[in-house]
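Trainee:
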Amino acid sequence: MTLILMVVGVLVLLAVRVPVAIALLVPSMVYIAVTPGVSMDVAMQQTLSGVNSFPILAVPLFILLGNLANDSGITDRMYAAAVAFLGHFRGSLGYVNIATSFGFSWMSGAAIADAAAMGRMQVPQMVKRGYPAGFSVGLTGASSLVAPIIPPSIAAIVYAVTAGLSVGALFLVGLVPALLLIVALCITVWWRLRKRDDLRGERTGWGERMRSLLGALPPAGAAVVILGSILLGMATPTEAAGLGVVYVLTLSIVYRKFTWKSVIKSLVQTAQTSGSVLLIVATAALFGWVLARERAPQAAADALLGITTYTVVFLIIVNVLLLIVGALLESTSAILILVPVLAPVAETFGVHPFHFAAIVIFNLLLGLLTPPVGMVLFVLSSTTGYKVSTIIRGVVPFYVPMLAVLLLITFFPAISTTLPLMLGYA
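For the sequence shown, the numbering used here begins at 204 and goes up steadily by one.
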């Protein structure tokens, strides 16, 4: 009964739009206050333990990296290279949108940062060239979901810290799913625009292509610095994040985009974003302690085993649950609340931790494009000026390829587990 009251309390507070951190903190504090033998010191200990983690330090550093990359001219060079190589195809700016988003994803780690950058730069260009507005913003929203899947995925870092897994392993878990999503989005662009001969640009000469490629290589080096240093054992994810920040700052100086005003702006934005994330992490640690003390994982396992003993059925149930939760709760919060409960249950059903991580992260990221929370929808609305309703209509056709990729991830574990297992992560 106590466990049910705790969960109901959180849901009620979230329903009346209380901030997530407060919604997690209040029921936890009430529980401590009314439970005999539990000291208030527990609240301090658990909240501090939630953020007293070296891997979690990577979160603000990667957020800073994305903010700095936004103002360094990097995206402009990536865009120019993508146009040079893809501009002559029918629907070329659709492919350019996906390619540029993929390139920027290696530095942002978050869909919101990607959507903000691509929304400002690409949507006006696409609409000007005759692409439907709904299609343009919908594709920009869908392609932004690549960012939280590939390194330096903020969602992967939070999941790894919550579940006690290697951050480097979870970075690898998302690589193949991200490539599948890119292929699925490209197929969708081809299908939607297959009859639009007017949306074909001019072919660029090889000289211009090589110049644009050389201009895009230094920004691409950020991915080598971050992922390479981790995989070669030269740096932890947190240290790699610091190296990435230094690398992007160096590029901004070389490109003559460096100003103290832009750096201070990036630092303020980072403080605001990471402050809210870390507050949720701290209060979720306390809430997770309460759930563990009340044996929530065991209760969830017993309940699901009472419904089915088949792994496939369990995965279907989890997918439906996560899609609903992702539409109602921000992904970081959902990971912090659900993973301590569901991950042990998944192991009971024989689901590999890397496989389950991919399922959870991909599911919750779809919520970024799903009302009523759908943070990417609101970011695109503010950066492009289009109504949220217009953006939702534009996003709907892209749910089909995204759900298709989700099904592949769910029922073919090798998609997410092969790379980390090959490289020695267990």
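From the three backbone atoms N, C-alpha and C, an ideal C-beta is built for every residue, glycine too.
Treat the numbers as computed from the prediction; the structure is a model and nothing was measured.
Would you check if the distance between the CB atom of Ala639 and the CB atom of Ile353 is smaller than 8 Å?
Mentor: No statement about residue 639 is possible, as the shown extent of the chain runs from 204 to 629 and does not include it.
Trainee: What's the C-alpha gap between Lys468 and Phe461?
Mentor: Start at 1 with the first residue of the sequence shown, and residue 468 comes out as number 265. Start at 1 with the first residue of the sequence shown, and residue 461 comes out as number 258. So the alpha carbons of these two residues sit roughly 12 Å apart.
Trainee: Compute the Euclidean distance between the alpha carbons of Val603 and Asp244, then round it to the nearest angstrom.
Mentor: Taking the sequence shown and counting its residues from 1, one reaches residue 603 at position 400. Taking the sequence shown and counting its residues from 1, one reaches residue 244 at position 41. One C-alpha to the other measures close to 49 Å.
Trainee: Can we say the stretch 299-319 touches the stretch 337-351, given the rule of at least three CB pairs closer than 8 Å?
Mentor: yes
Trainee: In or out: Met324 buried (at least 16 other Cβ within 10 Å) or exposed?
Mentor: Along the sequence shown, one-based indexing puts residue 324 at 121. Looking at its Cβ environment, which holds 16 or more other Cβ atoms inside 10 Å, Met324 is buried.
Trainee: Looking at the secondary structure, which residues open and close the alpha helix (DSSP H) in which Lys464 lies?
Mentor: Counting from one through the sequence shown, the residue named residue 464 turns up at place 261. Segment Trp463 to Arg496, the alpha helix (DSSP H) holding Lys464.
Trainee: I'd like to know if the stretch 224-239 and the stretch 256-264 are in contact, where contact means that at least 3 CB-CB pairs between them fall below 8 Å.
Mentor: Short answer: they don't touch.
Trainee: Give me the Cα-Cα distance between Leu622 and Val591, rounded to the nearest whole angstrom.
Mentor: Sequence index remark: in the sequence shown, residue 622 carries index 419 (1-based). Sequence index remark: in the sequence shown, residue 591 carries index 388 (1-based). C-alpha separation (whole angstroms): 38 Å.
Trainee: Express the C-alpha separation of Ser356 and Leu452 in angstroms, rounding to a whole number.
Mentor: One-based indexing of the sequence shown puts residue 452 at position 249. One-based indexing of the sequence shown puts residue 356 at position 153. Cα to Cα, Leu452 sits roughly 20 Å from Ser356.
Trainee: Express the C-alpha separation of Leu454 and Val364 in angstroms, rounding to a whole number.
Mentor: As a first step, residue 364 is located in the sequence shown; it is residue number 161 there, counting from the start. As a first step, residue 454 is located in the sequence shown; it is residue number 251 there, counting from the start. Going from the Cα of Val364 to the Cα of Leu454 covers about 31 Å.
Trainee: Thinking just about the alpha-carbon of each residue, which of Val379, Leu420, Thr512 and Ala549 is nearest to the one in Ala284?
Mentor: Within the sequence shown, residue 284 is the residue found at index 81, counting from 1. Closest option to Ala284, Cα to Cα, is Leu420.
Trainee: Thinking C-beta only, is Val326 closer than 8 Å to Ser339?
Mentor: Taking the first residue of the sequence shown as position 1, residue 339 is located at position 136. Taking the first residue of the sequence shown as position 1, residue 326 is located at position 123. Result yes, Cβ atoms of Ser339 and Val326 sit closer than 8 Å.
Trainee: Suppose you measure from the CA of Leu416 to the CA of Gly408; what does that come to, to the nearest Å?
Mentor: For the purposes of this step, residue 416 is taken as residue 213 along the sequence shown, with counting starting at 1. For the purposes of this step, residue 408 is taken as residue 205 along the sequence shown, with counting starting at 1. Roughly 12 Å between the two C-alpha positions.
Trainee: Tell me the rounded alpha-carbon separation between Val523 and Leu532.
Mentor: Taking the first residue of the sequence shown as position 1, residue 523 is located at position 320. Taking the first residue of the sequence shown as position 1, residue 532 is located at position 329. About 14 Å.
Trainee: Going by DSSP, which residues form a beta bridge with Arg293?
Mentor: By 1-based counting over the sequence shown, the position of residue 293 is 90. The partner list for Arg293 (beta bridge, DSSP) reads Arg403.
Trainee: Evaluate Ser536 with the Cβ neighbour count: other Cβ atoms within 10 Å of its Cβ, from every protein chain shown; 16 or more gives buried, anything less gives exposed.
Mentor: Translated into positions along the sequence shown, residue 536 becomes position 333. Flag for Ser536 reads buried.
Trainee: When you compare the CB positions of Ala359 and Val370, do they come within less than 8 Å of one another, or not?
Mentor: In the sequence shown, the residue the question calls residue 359 occupies position 156. In the sequence shown, the residue the question calls residue 370 occupies position 167. Yes, Cβ-Cβ distance for Ala359 and Val370 is below 8 Å.
Trainee: Between the stretch 538-558 and the stretch 487-507, are three or more C-beta pairs nearer than 8 Å?
Mentor: yes
Trainee: With C-beta atoms as the reference, is Leu568 less than 8 Å away from Ser534?
Mentor: Within the sequence shown, numbered from 1, the residue matching residue 568 stands at position 365. Within the sequence shown, numbered from 1, the residue matching residue 534 stands at position 331. Yes.
Trainee: Just checking my contact of Val379 with Ser619 at CB under 8 Å: how many whole Å lie between their CB atoms?
Mentor: As a first step, residue 379 is located in the sequence shown; it is residue number 176 there, counting from the start. As a first step, residue 619 is located in the sequence shown; it is residue number 416 there, counting from the start. Right, their Cβ atoms sit about 7 Å apart.
Trainee: Identify which residue in Leu482, Phe614 and Gly424 has its Cα closest to the Cα of Ser308.
Mentor: Against the sequence shown, residue 308 aligns to sequence position 105. For Ser308, the nearest C-alpha among the options comes from Gly424.
Trainee: Should Leu214 be labelled buried (16 or more other beta-carbon atoms within 10 Å of its own) or exposed?
Mentor: Counting from 1 along the sequence shown, the entry for residue 214 is found at position 11. Exposed, by the Cβ-count rule.
Trainee: For Leu368, which residues of its own chain have a beta-carbon under 8 Å away from its beta-carbon, when the five flanking residues on both sides are left out?
Mentor: Along the sequence shown, read from residue 1 onward, the residue named residue 368 stands at position 165. Once the five neighbours on either side are set aside, the close Cβ partners of Leu368 are Tyr362, Pro556, Phe557 and Ala560.
Trainee: Nearest to Val210 by alpha carbon, out of Gly491, Thr551, Thr511 and Val521?
Mentor: Residue numbering aside, residue 210 sits at position 7 when the sequence shown is read from its first letter. Taking only the C-alpha atoms, the option nearest Val210 is Gly491.
Trainee: Given the structure, does Gly529 come close to the ligand COA, in the sense that its CB is under 7 Å from one of the ligand's heavy atoms?
Mentor: Questions concerning the ligand COA fall outside what the structure shown contains, since it holds no ligand whatsoever.
Trainee: Going by C-alpha to C-alpha distance, which of Thr486, Ile301, Asp400 and Pro616 sits closest to Val286?
Mentor: As a first step, residue 286 is located in the sequence shown; it is residue number 83 there, counting from the start. Nearest C-alpha to Val286: Ile301.
Trainee: Considering only residues of the same chain and omitting the five flanking positions on each side of Pro263, which have a CB-CB separation below 7 Å?
Mentor: Position 60 of the sequence shown, counting from 1, holds the residue named residue 263. Closer than 7 Å at Cβ, skipping near neighbours: Thr473 and Ser477.
Trainee: Runs of 4 residues minimum, wholly inside the stretch 264-332: which ones carry the alpha helix (DSSP H) assignment?
Mentor: 277-289, 295-311 and 314-331
Trainee: Helix, strand or coil: which one does DSSP assign to Leu457?
Mentor: The residue given as residue 457 occupies position 254 in the sequence shown. Note that residue 457 is Val in the sequence shown, not Leu. It is helical.
Trainee: Can the beta-carbon of Val219 be found closer than 8 Å to that of Ile483?
Mentor: As a first step, residue 219 must be located in the sequence shown, where it is residue number 16. As a first step, residue 483 must be located in the sequence shown, where it is residue number 280. Going by C-beta atoms, Val219 is not nearer than 8 Å to Ile483.
Trainee: Where does Asp400 land, buried or exposed, given buried means 16+ other C-beta within 10 angstroms?
Mentor: As a working note, residue 400 is residue 197 in the sequence shown. That one is exposed.
Trainee: Look at the alpha carbon of Ala530 and the alpha carbon of Gly290, and state the distance between them as a whole number of angstroms.
Mentor: Along the sequence shown, one-based indexing puts residue 530 at 327. Along the sequence shown, one-based indexing puts residue 290 at 87. Taking the straight line from one Cα to the other gives about 35 Å.
Trainee: Once the 5 residues before and after Asp279 are set aside, which same chain residues still bring their CB inside 8 Å of it?
Mentor: Counted from its first residue, the sequence shown places residue 279 at position 76. Cβ neighbours of Asp279 beyond the five flanking positions: Met324.
Trainee: For Asp274, count neighbouring C-beta atoms within 10 Å of its own C-beta (all shown protein chains included) and say buried if the count is 16 or more, exposed if not.
Mentor: The count along the sequence shown starts at 1 and reaches residue 274 at position 71. Flag for Asp274 reads buried.
Trainee: Locate the alpha helix (DSSP H) running through Tyr234, then write down its first and last residues.
Mentor: In the sequence shown, the residue the question calls residue 234 occupies position 31. Residues Val223 to Val237.
Trainee: Measure the Cβ-Cβ separation of Thr250 and Ala488 and say whether it is below 8 Å.
Mentor: Translated into positions along the sequence shown, residue 250 becomes position 47. Translated into positions along the sequence shown, residue 488 becomes position 285. The answer is yes: Cβ separation under 8 Å.
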